[in-house]
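J.: Each protein sequence line maps, in turn, to chains W and L. Letter 127 of the first sequence, counting from 1, is numbered 127 in the numbering used here, and no numbers are missing. One gets the numbering used here by counting positions in the second sequence from 1 and adding 1000 to each. Please find one structure pasted underneath; my questions will follow.
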Amino acid sequence: MITVYCWLLCLYPGSSRDEFGDEMTSVFREARSALPPALAAKISFYLREFCGLLSGALCAHLDRLFGPVIPFRRFSMQRQFRFPRSTVFLMCVILASLVLAIHKAQNVVQMKEGLPPATATAWGPMLWGLLLALALILATAAAAAAWGVLFALRRTGMHRLDGMQTWEEHRWRGPTKPGNSFRP
Amino acid sequence: MDTSALTEPVLLLLLSLAEQPRHGYSILKDVESMSGGRVLLSTGTLYGALQRLLDHGWIERIVEDNTPRDRRTYRLTSRGRRNLQVEIERMRHLTKLAALRIARKEA
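Below, the structure is given as structure tokens:
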């Protein structure tokens, strides 16, 4: 297992491996020697270690390429108006799946009728791509507009956060809004 | 100053080093013991966090001539200690607030 561990360490960037490789191997060896004899504990330990190494290597490479991408603080809530990017991504996936499903269905129908499938035409995929892009832009604009209207009407719940005092504000300025602030 | 919360493994790691300087395996066991066996760090996670904390200047290595390369000791810097105190203060505020809200609801 030590050999497998050392192989997996090779996935780390050279600088990290040089800096921490020996220490990590030593800690792994110590932790392994202190394992209880139960098989389940051993399996759980090796799984945790190997998954930790894989994710650690990935994070180290990402850190090296793009700077610190994995923060050690939790993600904090944002008070300002932001349209969630995950929604746009999900909309893309759903629309793409829909378009592909329609396209496949048309092909099946045409093949049953003895006609050549729609993909045979050169401009077909391009047309679908353009339609998809247009639909995405329209859907994003509509969703952003709807979110903007709700935000303007103060119906999103985001404004409630404005009335909240953070512990830092409370500590330095004292409670300013009795309804929302903490009073010991 | 960034006042968002620390992740639990990082908080436990800092608490472990707050008491005394420790080496990797000692941190691993101390975190496990502090969390009652709930937080089990892998070496990959531990050294990923140590590297980020070193980069941010929250912890430092104790350089000693006779220390073997595979058993280096880490300690909290004054910056790390200050940030840890800020985090503990934030949590204290949160627990007081929670107690107050629960008491209000029960009353």
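Every residue, glycine too, gets a C-beta built ideally from N, C-alpha and C.
Using a Cβ-Cβ cut-off of less than 8 Å, list which residues of the stretch 1068-1086 of chain L approach chain W; keep chain order.
T.: So the list reads R1069, D1070, R1071 and R1072, given in the order they occur along the chain.
J.: Please classify L/E1008: does DSSP put it in a helix, a strand, or coil?
T.: Helix at L/E1008.
J.: Give a yes or no on whether the C-beta atoms belonging to W/R48 and L/S1016 are separated by under 8 Å.
T.: Contact: no.
J.: Report the partner residues of L/G1023 according to the DSSP bridge assignment.
T.: For the sequence presented, residue 1023 of chain L should be read as His rather than Gly. In the DSSP output, where bridge partners are listed per residue, L/H1023 has L/T1073.
J.: Could you list which residues in chain L have their beta carbon closer than 8 Å to that of W/A38, in chain order?
T.: In chain order: nothing, as chain L lies at least about 14 Å away.
J.: List the residues of chain W that L/S1035 touches, going by C-beta distances under 8 Å, in chain order.
T.: The premise fails here: L/S1035 is roughly 14 Å from chain W at the closest Cβ pair, so nothing lies under 8 Å.
J.: Going along the chain, which residues of its own chain have a beta-carbon closer than 8 Å to the beta-carbon of L/E1064, five neighbours each way excluded?
T.: Closer than 8 Å at the Cβ level, and outside the excluded window around L/E1064, lie T1073.
J.: Below 7 Å CB to CB, which residues in the same chain sit around W/A57 once its five sequence neighbours on both sides are set aside?
T.: Excluding residues within five positions, the ones whose Cβ falls inside 7 Å are L11 and Y12.
J.: Can a CB atom of chain W be found closer than 8 Å to the CB of L/Q1051?
T.: Closer than 8 Å: yes.
J.: Going by C-alpha distance, which of L/A1103, L/D1030, L/V1039 and L/V1010 is nearest L/L1054?
T.: The option with the nearest alpha carbon to L/L1054 is L/V1010.
J.: Could you check what DSSP says for W/R48 in three-state terms: helix, strand or coil?
T.: DSSP places W/R48 in helix when its eight states are reduced to three.
J.: If contact means a Cβ-Cβ distance below 9 Å, which residues of the stretch 1038-1049 of chain L contact chain W?
T.: Cβ contacts with chain W come from L1040, L1041, S1042, T1043, G1044, T1045, L1046, Y1047, G1048 and A1049.
J.: Within the stretch 1042-1068 of chain L, note down every full beta strand (DSSP E) run reaching 3 residues or more, in order along the chain.
T.: Correct list: 1059-1062.
J.: Can you list, in chain order, the residues of the stretch 11-31 of chain W whose Cβ is nearer than 8 Å to any Cβ on chain L?
T.: Answer in chain order: S16, E19, F20, D22, E23, M24, T25, S26, V27, F28, E30 and A31.
J.: Using beta-carbon positions only, say whether L/Q1051 and W/S16 come within less than 8 Å of one another.
T.: In contact: L/Q1051 and W/S16 (Cβ atoms closer than 8 Å).
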